[in-house]
Amino acid sequence: MNLTDETKNGVLVLSPQGRIDTRTSSEFEQAVMAHAIGPEGATQVVMNFGGLDYINSTGMRVLLILAKRLAGVKGKLVLCEMKEHILEVFKISGFNQILTITDTEADALERF
Amino acid sequence: MAPRRGPAGKSKAPAFSCKLDKDLGELSEMLVALEEFAEKHGVSPLQTQRITLSVDELVTNIIKYGTRDLEHAHIHMWATIADGTFHIEIEDHGIPFDPFHEAPVPDTTLPLEERPIGGLGVFLVQSLMTTTNYERIKDRNRITLTRSLTAGDQEEAQ
Chain A
0 MNLTDETKNG
10 VLVLSPQGRI
20 DTRTSSEFEQ
30 AVMAHAIGPE
40 GATQVVMNFG
50 GLDYINSTGM
60 RVLLILAKRL
70 AGVKGKLVLC
80 EMKEHILEVF
90 KISGFNQILT
100 ITDTEADALE
110 RF
Chain B
0 MAPRRGPAGK
10 SKAPAFSCKL
20 DKDLGELSEM
30 LVALEEFAEK
40 HGVSPLQTQR
50 ITLSVDELVT
60 NIIKYGTRDL
70 EHAHIHMWAT
80 IADGTFHIEI
90 EDHGIPFDPF
100 HEAPVPDTTL
110 PLEERPIGGL
120 GVFLVQSLMT
130 TTNYERIKDR
140 NRITLTRSLT
150 AGDQEEAQ
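Just so you know, the protein sequences line up as chains A and B, in that order. Anchor point for the first sequence: position 83 equals 82 in numbering that gives the first Met the number 0, and the numbering is continuous, going up by one each time. Anchor point for the second sequence: position 155 equals 154 in numbering that gives the first Met the number 0, and the numbering is continuous, going up by one each time.
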């Protein structure tokens, strides 16, 4: 798992690559929280899943924590570019009802 | 019905087996090997991901909870592909636990602020697999999963 970050139009775009599983989810959590939470953390966040091949429920848990924390500071999280098998799991979990998911990163950035 | 044990015996069905201890690194490696096995035998990427995720969720629970108090977990996993179905068996000698009846069912309709953190793993397995079964056999838990490969090669969810 690798996480890259860039800022576009004042929105933090985080792009995890590879696999987020039980072994790597704590690393993912620490990296995400370091960028998005904390004294200088961003509150407007896009998570681009284009390079993500795999995520299990321990990784989804991190997204739920992040979304709750951002909602608490009037921030926002938008997910985009999800592969079919990942989108299926997010739909089964009802995450598509509580998180904003768009097809492309450009669509995601328009939500802010 | 059930996958053959250990060496595939006289069966010509493609078979995969492995043993794991309480090691999340070993689990990660096993999941990649399982994916390669499935793809090599023509299982579609979507079906492969459903199978890998299901095994991951169940073995993660076994490592984190079921065998927490044991020095070694002795988890065995077998997989075979036969008659258009992917069969999986997972055994461990942790505490008796039937994930399909004892794990709480999450409410996937709750709004963000009321959503509890966690508790989705077993629910995902039940949603993604065609059948799920649990048995306690002597001192071991045995989980049997099947995934039909001839149906559902599109998203299950609405």
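Every residue, glycine too, gets a C-beta built ideally from N, C-alpha and C. Bear in mind the structure is a predicted one, so any value in this text is a computation, not a measurement.
**Prompt:** Along chain B, which residues have their Cβ under 9 Å away from the Cβ of Ile64 of chain A?
**Reply:** Ile116
**Request:** With a threshold of 16 other CB atoms inside 10 Å of the CB of Ser25 of chain A, please say whether the residue is buried or exposed.
**Result:** exposed
**Extent of the continuous beta strand (DSSP E) to which Phe48 of chain A belongs** = Here Phe48 of chain A belongs to no beta strand (DSSP E), and DSSP marks it neither H nor E.
**Asked** At which residues does the beta strand (DSSP E) containing Glu134 of chain B begin and terminate?
**Response** Thr130 to Ile136
**Span of the beta strand (DSSP E) around Gly74 of chain A** = Segment: none, Gly74 of chain A is in no beta strand (DSSP E) and carries neither H nor E.
**Request:** Leaving aside the five residues before and after Leu51 of chain A along the sequence, list all residues of the same chain whose C-beta is less than 6 Å from its C-beta, in chain order.
**Result:** Pro15
**Prompt:** Got a sec: is the Cβ-Cβ distance from Ser92 of chain A to anything in chain E below 8 Å?
**Reply:** Note that chain E does not occur in the displayed structure, where the protein chains are A and B.
**Message:** According to DSSP, is Ile89 of chain B part of a helix, a strand, or is it coil?
**Reply:** strand
**Message:** Strictly below 7 Å CB to CB, what residues from chain A border Leu119 of chain B?
**Reply:** Ser56, Met59 and Ser92
**Item:** Interface positions of the stretch 9-29 of chain A facing chain B (Cβ-Cβ less than 9 Å), listed along the chain
**Value:** Arg18, Asp20, Thr21, Arg22 and Thr23
**Asked** Can you tell me the Cα-Cα spacing of His100 of chain B and His34 of chain A, whole angstroms?
**Response** 39 Å
**Request:** List the residues of chain B that Val88 of chain A touches, going by C-beta distances under 8 Å, in chain order.
**Result:** Leu52, Leu123 and Leu127
**Item:** Per-residue burial, Tyr64 of chain B [other beta carbons within 10 Å of its own, 16 or more giving buried]
**Value:** exposed
**Request:** Could you tell me the distance, in whole angstroms, from the CA atom of Pro95 of chain B to the CA atom of Ser126 of chain B?
**Result:** 23 Å
**Asked** Is the shortest distance between the beta-carbon of Gly24 of chain B and the beta-carbons of chain A less than 8 Å?
**Response** yes
**Prompt:** Should Leu111 of chain B be flagged as near chain A, meaning a C-beta pair shorter than 8 Å?
**Reply:** yes
**Item:** Terminal residues of the beta strand (DSSP E) in which His75 of chain B lies
**Value:** Ile74 to Ala81
**Item:** Cβ of Ser147 of chain B within 8 Å of any chain A Cβ
**Value:** no
**Prompt:** So, Ala81 of chain B versus Ala12 of chain B, is the Cβ gap smaller than 8 Å?
**Reply:** yes
**Asked** Do we get a CB-CB distance below 8 Å when we pair Ala70 of chain A with the residues of chain B?
**Response** yes
**Request:** Could you tell me whether the stretch 47-65 of chain B touches the stretch 92-104 of chain A, using the rule of 3 or more Cβ pairs below 8 Å?
**Result:** no
**Prompt:** Is the beta carbon of Gly45 of chain A sitting closer than 8 Å to the one on Ala107 of chain A?
**Reply:** A small fix is needed here, since residue 45 of chain A is Val in this sequence, not Gly. Yes, the pair counts as a contact, with Cβ atoms nearer than the cut-off.
**Request:** Leaving aside the five residues before and after Ser43 of chain B along the sequence, list all residues of the same chain whose C-beta is less than 6 Å from its C-beta, in chain order.
**Result:** Asp152
**Request:** Pick out the complete alpha helix (DSSP H) segments inside the stretch 5-63 of chain B, 4 residues or longer, and give them in chain order.
**Result:** 23-39 and 44-60
**Item:** Cutoff 6 Å; reference Gly5 of chain B; Cβ partners in own chain excluding five residues on either side
**Value:** Here Gly5 of chain B scores only 49 on pLDDT, less than 50, and its place in the model should not be relied on; the value that follows carries that caveat. Around Gly5 of chain B: no qualifying Cβ.
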